[in-house]
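Counting in this note's numbering, the sequence shown runs without a single skipped number right up to 179 at its last residue.
Written below as structure tokens is the structure these notes are about.
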Amino acid sequence: INGEFVAQGSQFTLADVEVTVATVDLDDVTSFRANRGSRGPQVERAESYPRCHIPVFICQSTSILSPVISINYHMPEEEIMYGPSVWLWDYLRRSNMSGFFLPLSGGIDSSSTACLVGSMCDMVLHACHNGNSQVIADLRRVMRLRSNDPLPATAHEMVGKLFTTCYMASSNSSVETKR
1 INGEFVAQGS QFTLADVEVT VATVDLDDVT SFRANRGSRG PQVERAESYP RCHIPVFICQ
61 STSILSPVIS INYHMPEEEI MYGPSVWLWD YLRRSNMSGF FLPLSGGIDS SSTACLVGSM
121 CDMVLHACHN GNSQVIADLR RVMRLRSNDP LPATAHEMVG KLFTTCYMAS SNSSVETKR
């Protein structure tokens with residue numbers, strides 16, 4: 001509000017919908033804008049709209065206004081990890097598949113993909129531990145678990161059930177990789 005932040009949603013989330021709420025004083029916005037000159041000459045010459053003040057207050061008190069916050073920015077490495085991991089989970093749960101299969105060549109592409117699946121499992125397990133019922137239901141469906149079956153205890157265990165790999169050498173595989 002007026003150049004300050006009072007709420008921030010998650011940049012990367014497993015939730016289908018996220019609602020971010022803030023309580024602001026619209027009179028502060030009006031007075032802030034009134035104290036600034038317009039950058040457009042046409043706007044300055046335009047006739048103003050008639051206003052009607054209605055003494056109705058949505059909030060009981062201005063003491064419950066959302067405080068100014070500092071924005072949390074992710075490091076580029078975190079964005080590279082979280083973005084594809086969230087997409088992988090969304091793809092997995094919507095495709096009705098029960099996991100991923102990845103032929104490993106020993107190169108950076110396959111190893112990076114394996115890391116992203118591990119990150120996805122970390123995020124899913126964290127959401128389950130926080131009680132996200134949608135993620136828990138999706139995980140049970142994806143892993144074909146009954147309601148009384150325990151969820152994976154660790155991300156490593158989840159990776160073991162959702163991720164299958166095999167070695168597939170190529171002409172680009174090094175001697176080190178082939179060993």
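In this text, a Cβ means the ideal position worked out from N, Cα and C, and glycines have one as well.
### Query
Which of helix, strand or coil does DSSP assign to Phe57?
coil
#### Entry: Unbroken stretches of the alpha helix (DSSP H), 4 residues or longer, contained in the segment 45-97
76-95
### Task
Report buried or exposed for Trp89, applying the criterion of at least 16 other Cβ atoms within 10 angstroms of its Cβ.
The residue is buried, with at least 16 neighbouring Cβ atoms inside 10 Å.
### Task
Would you mind working out which of Asn148, Val124, Ser110 sits nearest Asp138, comparing C-alpha positions?
Among Asn148, Val124, Ser110, the Cα nearest to that of Asp138 is on Val124.
### Query
Any idea what DSSP makes of Phe32, helix, strand or coil?
helix
### Query
Do you know how far the Cα of Val29 is from the Cα of Cys35?
A quick correction: the sequence has Asn, not Cys, at residue 35. If you take the alpha carbons of Asn35 and Val29, they lie about 10 angstroms apart.
### Span of the beta strand (DSSP E) around Leu14
Leu14 -> no beta strand (DSSP E), and no H or E assigned at all.
### Task
Give the range of the alpha helix (DSSP H) segment to which Leu116 is assigned.
108-129
### Task
Would you kindly report the start and end of the unbroken alpha helix (DSSP H) that includes Leu139?
133-142
### Query
Quick one, which of Ile54, Gly83, Asn72, Ser70 has its alpha-carbon nearest Ser119's?
Gly83
### Task
Determine the DSSP secondary structure at Leu104, reduced to helix, strand or coil.
strand
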